[in-house]
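Chains as they are written, first to last, in the numbering used here: chain A, 1 to 418; chain B, 1001 to 1274.
Notes to accompany the following structure.
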Amino acid sequence: MTDDTQRVSTARLLDRRDERVAHADTLSGTIGAFVDRVRSGDLGSLPVVVGLLIICTAFQSLNPVFLAPDNLVNLLFDCSTVGVISLGIVCVLMVGEIDLSVGSVSGFSSALIGVLWVNQDWPVAVAVVTALVLGASIGALYAFLFNRLGMPSFVSTLSGLLAWLGLQLYLLGSSGSINLPYGSPLVNFGQMLVMPPIVSYTLAALAGVVVFATGYRMAARRRAAGLSASTLSRLLLKAALVIVVLEFIVYYLNLARGVPWMFGLFVGLCVVMNYALKRTKWGRSMSAVGGNREAARRAGINVRQIHMTAFMLCSTLAAAGGILGAARLASSSQQAGTGDVNLNAIAAAVIGGTSLFGGRGSAYSALLGIIVIQSIASGLTLLDLSSSLRYMITGAVLAVAVIVDSLARRSRVSHGRA
Amino acid sequence: MSTSSDVDHPQEGPGKLVLKLRGISKNFGAVSALADVDLDVHAGEVVALVGDNGAGKSTLVKILAGVHQPTSGTIDFDGEHVVLSDPATALGLGIATVFQDLALCENLDVVANIFLGRELNPVRLDEVSMEIRAWTLLNELSARIPSVREPVASLSGGQRQTVAIARSLLTEPKLILLDEPTAALGVAQTAEVLDLIERVRARGLGVIVISHNMEDVRAVADRIVVLRLGRNNGEFGPDVSNQDLVTAITGADENSVSRRASRRGMQQSREALI
């Protein structure tokens, strides 16, 4: 196969007729395209990967327990609660809005679980569903205020932050906290349940198989339609990489307790959300509304409905995060959802690469971002640093993440990639 | 598809009547923006709508796009009497509008923009079919878009205009309205957009172009309709002189444009004498 015949065969493809565009067909071409993209400010998840490497190296050198399997399993348990909240934040950030009340909503729903399940003796499932439905209605309220009364989400959710915190304190009353029964399924789920090794290994392998199968089908369809498609070897390489990395992580975690089911739930939600944002009309509309609201409206997208779904999803996921948090701590307390929960959830989404300016983001940014935030928290706890220092350092990391986002955005604009 | 011959010489005689407006009036309170305006557009014909600021061009386009409703008058589209009560109705009938500000999402790629709001297969986007359709549309317009998978932010002004026009052609309209398609474009890009308009005409669509640029108007239009103060003020062929067109637009032989022209003329002849 000479270089010439290859050029002739690609020249006929529908999307390769313009000779002005460079296409990355080889491995070195792919790397070159990646470097170009990063230089123009399309950073994707590069900052978070680099950040994670720095964090791991630093904490590991300070305290060798940090990367021990036991600590990582605990870290994943902790990740899942705020991570689910952060996934909702990704939704509102996609449409260019914000929800500052997710912490309070999660605390409110955690209090609700305690009151309904323990104090009122409701079945746990009913209590959970009630909390989720109330969470969804809070989002619907924000959307109503935004759509009909033109109230900026910044203000409505800021007042919500205070209002739902008040409601949480009112529900818990003078006692201040309600203990959830140890040994109940919900608490077990939040504290103990891990996947049997066979399940976690299978799921990791399955991920690679799915990556390959979808990629292969897409490539076959594109080739049949006369469009350029990725080669079989590249697909195999990608799938193999996914399998090796995931299997190693699973193996390492299985040296300790194993992969928490709660983390599995969180990752599952991320996968579903990623599909919804990338591969459905709804997700496309979310990006369009975040990118140019007026253009979306003129294209016939129901912008109000999109806002409604974004706000409702966000506060429903916040409520879900609150329930998981209650399960993790085996209590509904006045402290649940307060402190840094709010900012950690927002920071995780931004650190993971979802833009504060709307229209750009990915469900996986919640996953990557929360691992960074939780690693910092875990590392600082291992070093026996007080929460005062922890707050300051987390605040600084958030500031750096937003600065990177702003600079990358400016660079994208000047490179025509906004 | 389009050759230079059918670009230079419009088809022998216009096609059948696509749009017929009779006695269109529009009042905003006490202000009469349009009064008794008539307009015909045939298939495969480019009609330029010109007029000074406040002549009523934009109001007329908004009525055709379904944004405003006329106070009185009748609209016949494709031989039938129609009421354009909202933008969706106009679009459904086959009247597509490309507004001046284009309304593209810069963060989405070309395919996503062309299909925005009309995606194929809502729960599992059919990216392959959409990409093929996008390439087909763009190739039919002989558009020079390097890649449909790049965000629109990376495209030039002329390329964005092309995307906006391709987007409006997706619904297979019979009439397309272009509001100031060459404003804010460079020389080469303007020429590309004018070529594009001619290719749209060659597809057999009726085209209404609004422009302030007399040169562009004469270069591309089969007929030039002048509005002045909300009324019809003359209809010209593409070979009309600039002087006549300006006179019709401003409503007087003696106007600031002609005064300026004669002043310059005198100056030049004086310089020639010296």
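Quick reminder that beta carbons are idealized off the backbone N, C-alpha and C, glycines included.
Check: Nearest neighbour of alanine 330 (chain A), chosen from A:Leu52, A:Met151, A:Ser156, A:Gly183 [CA to CA]; Outcome: A:Gly183
Check: Assumed close pair valine 155 (chain A), leucine 382 (chain A) - CB separation to whole angstroms, cut-off 8 Å; Outcome: Not a contact, Cβ separation roughly 39 Å.
Check: Straight-line Cα distance separating tryptophan 1135 (chain B) from alanine 11 (chain A); Outcome: Here the model assigns alanine 11 (chain A) a pLDDT of 48, short of 50, so the residue's position is not dependable and the matter cannot be decided.
Check: From A:Ile89, A:Ile55, A:Ala68, residue whose alpha carbon lies closest to that of glycine 321 (chain A); Outcome: A:Ile89
Check: Contact under 8 Å by Cβ, leucine 269 (chain A) with methionine 94 (chain A); Outcome: no
Check: Chain A within 8 Å of arginine 1259 (chain B), Cβ atoms only; Outcome: no
Check: Neighbour-count burial assignment, valine 1281 (chain B), 16 or more Cβ in a 10 Å radius; Outcome: The first residue shown for chain B is 1001 and the last is 1274, placing residue 1281 (chain B) beyond what the model contains.
Check: Beta-carbon proximity check, valine 73 (chain A) vs proline 197 (chain A), cutoff 8 Å; Outcome: no
Check: Bridge partners - asparagine 1232 (chain B), DSSP secondary structure assignment; Outcome: B:Leu1227
Check: Rounded Cβ spacing between leucine 1185 (chain B) and glycine 1158 (chain B) (contact assumed at less than 8 Å); Outcome: 6 Å
Check: Integer-rounded CB distance, given that valine 1207 (chain B) should sit under 8 Å from valine 1047 (chain B); Outcome: 7 Å
Check: Within 9 Å of chain A by C-beta, residues of the stretch 1127-1139 of chain B in sequence order; Outcome: Glu1127, Val1128, Ser1129, Glu1131, Ile1132, Trp1135, Thr1136, Asn1139
Check: Within-8 Å CB hit, glycine 300 (chain A) to chain B; Outcome: yes
Check: Cβ-based burial, asparagine 1113 (chain B) [other Cβ within 10 Å; buried from 16]; Outcome: buried
Check: Cβ-based burial, isoleucine 1210 (chain B) [other Cβ within 10 Å; buried from 16]; Outcome: buried
Check: N-terminal and C-terminal residue of the alpha helix (DSSP H) that valine 209 (chain A) is part of; Outcome: 197-224
Check: Assigned exposure category for serine 9 (chain A) - 16 Cβ within 10 Å defines buried; Outcome: Summary for serine 9 (chain A): the model assigns pLDDT 46, below 50, so the residue's position carries little reliability; its value from the coordinates is reported in the next sentence. Burial call: exposed.
Check: Buried versus exposed, by CB contacts within 10 Å (16 or more), histidine 307 (chain A); Outcome: buried
Check: Meets three-Cβ-pair contact criterion under 8 Å: the stretch 300-319 of chain A and the stretch 130-150 of chain A; Outcome: yes
Check: Rounded separation between aspartate 99 (chain A) and valine 92 (chain A) - CA only; Outcome: 7 Å
Check: Valine 303 (chain A) - DSSP class collapsed to helix/strand/coil; Outcome: helix
Check: Rounded separation between isoleucine 351 (chain A) and isoleucine 55 (chain A) - CA only; Outcome: 13 Å
Check: Proximity test, Cβ basis, 8 Å: asparagine 292 (chain A) and chain B; Outcome: yes
Check: Burial state of aspartate 384 (chain A) (16 or more Cβ within 10 Å); Outcome: exposed
Check: Interface residues of chain A facing alanine 1030 (chain B) [CB-CB closer than 7 Å]; Outcome: Correct list: empty, because the minimum Cβ distance to chain A is about 30 Å.
Check: Distance between leucine 1227 (chain B) and phenylalanine 1236 (chain B) (C-alpha atoms, nearest Å); Outcome: 12 Å
Check: Valine 1046 (chain B) - containing beta strand (DSSP E), residue span; Outcome: 1046-1050
Check: Boundaries of the alpha helix (DSSP H) in which arginine 257 (chain A) is found, first to last residue; Outcome: Here arginine 257 (chain A) belongs to no alpha helix (DSSP H), and DSSP marks it neither H nor E.
Check: Enclosing alpha helix (DSSP H) for glutamate 1215 (chain B) [first to last residue]; Outcome: 1214-1220
Check: Any C-beta of chain A under 8 Å from that of serine 1002 (chain B); Outcome: Confidence at serine 1002 (chain B) is low in this model, with a pLDDT of 40, below 50, so its placement is unreliable and the value that follows should be read with caution. Chain A contact via Cβ: absent.
Check: Three-pair Cβ contact test at 8 Å for the stretch 1054-1071 of chain B versus the stretch 1091-1107 of chain B; Outcome: yes
Check: Interface flag, alanine 1088 (chain B) vs chain A, CB-CB below 8 Å; Outcome: yes
Check: Supposed close pair isoleucine 178 (chain A), asparagine 119 (chain A) - CB separation, criterion 8 Å; Outcome: 7 Å
Check: Helix, strand or coil at lysine 1026 (chain B) according to DSSP, with G and I counted as helix; Outcome: strand
Check: Option nearest glutamine 1189 (chain B) by Cα separation, candidates B:Asn1232, B:Glu1119, B:Arg1167, B:Ala1143; Outcome: B:Ala1143
Check: Asparagine 1242 (chain B): first and last residue of the uninterrupted alpha helix (DSSP H) it sits in; Outcome: 1242-1250
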